[in-house]
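Under the numbering used here, the first residue of the sequence shown is numbered 409, with each subsequent residue one higher.
Reading through the structure tokens given below for one structure.
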Amino acid sequence: MAIVQPKSLKYRKAAAHIFMLFFLSLIMFPLLMIVAISFRQGNYSVGDVIPKLSTSTLDHWRLALGFNVTKLNRVPGSEVNFVNTDDGKVQMYVSTKEDDSFRAFISEAFDPEDVKKVESLDDAVEVSSSFDVESIDSGKLSDSDSAFALCKLLAHKIVVKTGEGDSSLRYVIDKNDKEGTSYGIYKETITPPPFPVLRWLWNSVKVAFITSFLIICLSTTSAYAFARMKFAGKNTILNGMLIFQMFPAVLALVAIYALFDKIGEYIPWLGLNTHGGLILSYMGGIALHIWTIKGYFETIDSSLEEAAAIDGATPWQAFRLILLPLSVPILAVVFILAFIATVAEVPVASVLLLDMDELTLAVGAQQYLYPQNYLWGDFAAAAVLSGLPITIVFLLAQRWLVGGLTAGGVKG
């Protein structure tokens with residue numbers, strides 16, 4: 409006999425699905441905006457939620473990943489024309505309405521008494537050059553097909569050398585249209601990465617992984633002692649840790665700075681501007697993790713350890729071989745929570761770390777937002793990169809979040 413569901417139940421299911429879709433959209437919207445900003449041209453925080461393909465750019469990602477960004481901006485009023493001469497050479501005529509500084513550069517780069525080397529994309533070739541620093545009416549020049557053929561041979565781009573080792577500013581002669589029927593002068597600017605984002609990312613991953621591993625080791629053994637052993641002052645210590653943990657670390661920034669400044673005088677690798685000191689400061693947040701693991705240990709029947717003791721197992725063996733395998737899910741949760749908190753932490757890291765190369769990504773990304781100019785596009789690319797380690801750790805640990813609870817059960 410088929411079970412007929414009332415219509416009200418169907419409506420409630422539909423309403424629940426609609427609510428969940430709305431809730432997920434609300435959660436994912438900030439992430440979508442950050443990703444969109446990282447692909448927009450310029451450093452603007454407002455614009456299309458989904459950038460158009462024609463206006464999208466990878467410049468912010470190139471800078472974040474440590475690559476230079478090269479841009480060509482046409483010099484206003486510039487024209488370049490090539491004509492054949494009677495002696496079989498090609499004369500290059502340059503006209504521009506740029507300021508005097510650019511005319512001086514043209515005069516130096518194209519010396520009519522000397523044959524200049526012009527660098528193509530493939531090989532270096534020599535062309536004789538003629539120029540006029542004032543505006544030239546290009547209509548009076550007898551352009552020839554062979555002259556444009558020369559440009560096509562040079563892959564439509566001729567780069568004028570501005571000096572040995574000069575890679576930040578060059579003037580490029582390139583085509584103005586797809587057909588290559590006219591050419592102009594373009595100022596080529598090379599923008600290097602402003603900050604070492606990948607180094608910051610490595611610092612964040614290194615500090616977060618070591619901190620999470622040490623927290624797991626210390627909080628697990630401490631939680632076992634509080635859950636299974638009896639000693640004087642146990643409840644007082646537990647309550648004291650919980651009370652001290654209620655106060656945010658921001659309130660103790662001055663004390664933390666003074667403390668690690670003093671520690672650095674005796675143990676330099678644990679002082680200021682060291683990752684060792686930052687990891688040690690993060691270990692101060694272990695109390696909540698001890699409480700979490702202790703509560704999980706208390707849900708495991710102690711008869712498992714008693715049975716192991718009867719078989720001759722020591723308390724350490726019972727802890728390592730019985731209790732820990734059953735506790736893998738909670739250990740994975742604690743590791744992920746500690747990892748996320750460490751990667752996203754800013755106040756303590758901004759106080760203890762001083763050098764640019766030692767910063768974590770959460771602290772370093774703030775360098776993009778200075779009062780004179782907010783580099784929102786570069787900041788967004790760095791922000792997306794900061795979420796990758798957390799995502800990877802969660803994907804790797806999720807298999808332990810749902811398994812292992814039934815392993816090692818006692819036969820009844």
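We put the CB at the ideal spot given by N, CA and C, even for glycine.
Source: prediction; values computed, not measured.
So A695 and M649 are in contact, right, with Cβ under 8 Å, and what is the actual spacing, rounded?
Counted from its first residue, the sequence shown places residue 695 at position 287. Counted from its first residue, the sequence shown places residue 649 at position 241. Confirmed, about 4 Å.
How is the alpha helix (DSSP H) around R482 delimited, first residue to last?
By 1-based counting over the sequence shown, the position of residue 482 is 74. From DSSP, R482 is part of no alpha helix (DSSP H) but of the beta strand (DSSP E) over V477 to R482.
CA-CA distance, S464 and E596?
As a first step, residue 464 is located in the sequence shown; it is residue number 56 there, counting from the start. As a first step, residue 596 is located in the sequence shown; it is residue number 188 there, counting from the start. So the two alpha carbons sit approximately 20 Å from each other.
Report yes or no: do three or more beta-carbon pairs, one from the region 722–733 and one from the region 670–690, lie closer than 8 Å?
No, the region 722–733 does not touch the region 670–690.
Any idea what DSSP makes of T628, helix, strand or coil?
As a first step, residue 628 is located in the sequence shown; it is residue number 220 there, counting from the start. If DSSP states are grouped into helix, strand and coil, T628 belongs with the helices.
Within 10 angstroms of its Cβ, does A773 collect 16 or more other Cβ (buried), or is it exposed?
For the purposes of this step, residue 773 is taken as the residue at position 365 of the sequence shown. A773 is buried by the Cβ-count criterion.
Alpha carbon to alpha carbon, what distance is there between E753 and A805?
Counting from 1 along the sequence shown, the entry for residue 805 is found at position 397. Counting from 1 along the sequence shown, the entry for residue 753 is found at position 345. Approximately 21 Å, taken between the alpha carbons.
Tell me which residues share the same chain as P601 and place their Cβ nearer than 6 Å to its Cβ, disregarding the 5 neighbours each side in the sequence.
On the sequence shown, position 193 is the one that residue 601 refers to. These residues qualify, in order along the chain: L471 and G474.
Determine which residues share a DSSP beta bridge with Y782 and list them.
Translated into the one-based positions of the sequence shown, residue 782 becomes position 374. BP columns for Y782 point to L777.
What did DSSP end up calling T644 once you bin it into helix, strand or coil?
Translated into the one-based positions of the sequence shown, residue 644 becomes position 236. T644: helix per DSSP, three-state reduction.
Could you compute how far the alpha carbon of V443 sits from the alpha carbon of M428?
Here the question's residue 443 lines up with position 35 in the sequence shown. Here the question's residue 428 lines up with position 20 in the sequence shown. Cα-Cα distance, rounded: 22 Å.
So, at 7 Å on beta carbons, what are the nonlocal neighbours of I744 in its own chain, with the 5 sequence-adjacent residues on each side left out?
Taking the sequence shown and counting its residues from 1, one reaches residue 744 at position 336. Once the five neighbours on either side are set aside, the close Cβ partners of I744 are V801, F802 and A805.
For the region 780–789 against the region 445–461, do three or more pairs of beta-carbon atoms, one drawn from each stretch, fall closer than 8 Å, so that the two count as touching?
The region 780–789, when compared against the region 445–461, does touch it at the 8 Å Cβ threshold.
In terms of alpha-carbon separation, which member of A770, S620 and W808 lies closest to P737?
By one-based count along the sequence shown, residue 737 stands at place 329. Ranking the options by Cα distance to P737, first place goes to W808.
Is the Cβ-Cβ distance between N681 and D763 less than 8 Å?
As a working note, residue 681 is residue 273 in the sequence shown. As a working note, residue 763 is residue 355 in the sequence shown. Yes, these two residues count as a Cβ contact at 8 Å.
What is the DSSP secondary structure of I675, counted as helix, strand or coil?
Along the sequence shown, one-based indexing puts residue 675 at 267. Three-state result, I675: coil.
Of all the options I618, L777 and A423, which has the alpha carbon lying nearest to the alpha carbon of S689?
What you label residue 689 is simply residue 281 of the sequence shown in a count that begins at 1. Ranking I618, L777 and A423 by Cα distance to S689 puts I618 first.
Reducing DSSP to helix, strand and coil, say where G455 ends up.
Counting from one through the sequence shown, the residue named residue 455 turns up at place 47. Coil.
Quick one: give me the first and last residue of the beta strand (DSSP E) that K595 is part of.
As a first step, residue 595 is located in the sequence shown; it is residue number 187 there, counting from the start. From DSSP, the beta strand (DSSP E) with K595 extends over Y591 to T599.
Going by C-alpha distance, which of M441, E713 and I718 is nearest L729?
Residue 729 sits at position 321 when you count from the first residue of the sequence shown. Answer by Cα proximity: E713.
So for S509, helix, strand or coil by DSSP?
Within the sequence shown, the letter at position 101 stands for residue 509. The predicted position of S509 is uncertain, since its pLDDT is 46 and thus under 50; a value taken from the coordinates is nonetheless stated next. The answer is helix: DSSP assigns S509 an H, G or I state.
Based on Cα-Cα distance, which residue from I645, Y591 and A789 lies nearest to P484?
Position 76 of the sequence shown, counting from 1, holds the residue named residue 484. Residue Y591 is the option with its Cα nearest to P484.
In the DSSP assignment, find the alpha helix (DSSP H) that holds I730 and state where it starts and stops.
Taking the sequence shown and counting its residues from 1, one reaches residue 730 at position 322. Segment: none, I730 is in no alpha helix (DSSP H) and carries neither H nor E.
Do you know whose CA, among I701, F727, H697 and I698, lies nearest S711's CA?
Position 303 of the sequence shown, counted from the first residue, corresponds to residue 711. Out of I701, F727, H697 and I698, F727 has the C-alpha closest to the C-alpha of S711.
Tell me whether the beta-carbon of P779 lies closer than 8 Å to the beta-carbon of V751.
In the sequence shown, the residue the question calls residue 779 occupies position 371. In the sequence shown, the residue the question calls residue 751 occupies position 343. No, the Cβ-Cβ distance between P779 and V751 is not below 8 Å.
Is K421 buried or exposed, if buried means 16 or more other CB atoms sit within 10 Å of its CB?
As a first step, residue 421 is located in the sequence shown; it is residue number 13 there, counting from the start. That one is exposed.
Taking the alpha-carbon positions, what's the G395 to H683 distance?
The chain is shown only over 409 to 820; residue 395 falls outside these bounds and no answer can be derived.
Cα separation between W699 and A631?
Locating residue 699 in the sequence shown gives position 291, where the first residue counts as 1. Locating residue 631 in the sequence shown gives position 223, where the first residue counts as 1. Those two C-alpha atoms are separated by around 7 Å.
Whose C-alpha, out of S433, F747 and L440, is nearest the C-alpha of I623?
Sequence index remark: in the sequence shown, residue 623 carries index 215 (1-based). Checked all of S433, F747 and L440; the closest Cα to I623 is F747.
In three-state terms, what does DSSP make of S464?
Stepping through the sequence shown from its first residue, residue 464 is reached at position 56. It is a strand residue.
What span of residues does the alpha helix (DSSP H) with I748 cover, start to end?
The count along the sequence shown starts at 1 and reaches residue 748 at position 340. That run of the alpha helix (DSSP H) goes V736 to A752.
Round the Cβ separation of L480 and Y594 to the nearest angstrom and send it over; I've been treating them as touching at under 8 Å.
As a working mapping, residue 480 is identified with position 72 in the sequence shown. As a working mapping, residue 594 is identified with position 186 in the sequence shown. Confirmed, about 4 Å.
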